[in-house]
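Residue numbers (our numbering): 4 to 73.
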């Protein structure tokens with residue numbers, strides 16, 4: 004089993020494969036590739052949540068204007 008640990012900023016902190024000590028070069032390459040994947044997916048998640056928040060804010064404004072007492 005491949006165990007990957009990340010910190011709260013979604014940065015990789017460690018890689019462990021079946022408790023086997025991987026060669027440092029292999030570890031570094033894996034680390035680089037996985038870091039990029041985690042970073043890219045994190046950017047996509049941020050984009051999606053921003054769009055949802057924007058839609059919610061926009062909808063709320065419309066509802067607020069429609070229910071405003073003249």
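Here a beta-carbon is modelled for each residue, glycine too, at the ideal position from N, C-alpha and C. Since the structure is predicted, the reported quantities are computational estimates derived from the model, not experimental observations.
A check of alpha carbon separations from residue 37 across 21, 4 and 17 identifies 17 as the nearest. Shown here, residue 8 sits in a strand according to DSSP, grouped into three states. When DSSP states are grouped into helix, strand and coil, residue 31 belongs to the helix group.
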